[in-house]
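Here's the structure we're looking at; comments come further down.
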Ligand code: AMP
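In the numbering used here, the protein residues as written are 210 to 355.
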């Protein structure tokens, strides 16, 4: 049997944990007591947002029901804001479990990407301009707050 290079235990030093601790910069879109949403730094399309739970979950297998529900509700808010800001209906909801699936950050997260499955850019390859990300984050946050 092939051995998988699979991370199953939560690493407190993963990049999203550091974000939740305020140790590295981010472009915040939304936050509540159970979730946090921010711009993906290497977007697969303009407006690519990540939603994470404030729970130490590596992937879907670890996610507690209350956090699963909270992530989904925040994802709805973000998607509605993306539809409004980018004036498009199509938004991809994506989530990778395990390195074999292509997961690169081992804190559970949902990708919300205003794109089509037929036009999606490459995963985590090209870093976006920080000012552009800040600008989009501000627009999305304003719509969610309204
Ligand atoms: P995944 O491969 O599904 O685990 O997705 C991880 C995502 O995190 C990728 O889309 C990366 O572009 C994104 N990412 C990595 N580092 C950062 C960071 N510092 N800030 C925002 N997004 C990040």
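Glycine included, every Cβ here is placed at the ideal spot set by N, Cα and C.
Quantities reported herein were computed from a predicted structural model and do not represent experimental measurements.
CA nearest to the CA of residue i, picked from the options
i, options, result
"residue 334", "216, 253, 271, 245", "253"
"residue 354", "328, 238, 261", "238"
"residue 292", "270, 349, 230", "349"
"residue 331", "216, 285, 250", "250"
Any non-hydrogen atom of the ligand AMP closer than 7 Å to residue i Cβ
i, result
"residue 259", "yes"
"residue 311", "yes"
"residue 319", "no"
"residue 363", "As displayed, the chain neither begins before 210 nor continues past 355, which places residue 363 out of reach and without an answer."
"residue 282", "no"
"residue 232", "no"
Rounded straight-line distance, which links the Cα of residue j to that of residue i
i, j, result
"residue 298", "residue 306", "26 Å"
"residue 322", "residue 258", "6 Å"
"residue 346", "residue 248", "7 Å"
Same chain, Cβ closer than 7 Å to residue i, neighbours up to 5 away in sequence not counted
i, result
"residue 226", "316"
"residue 280", "244, 260, 262, 319"
"residue 312", "268, 305, 306"
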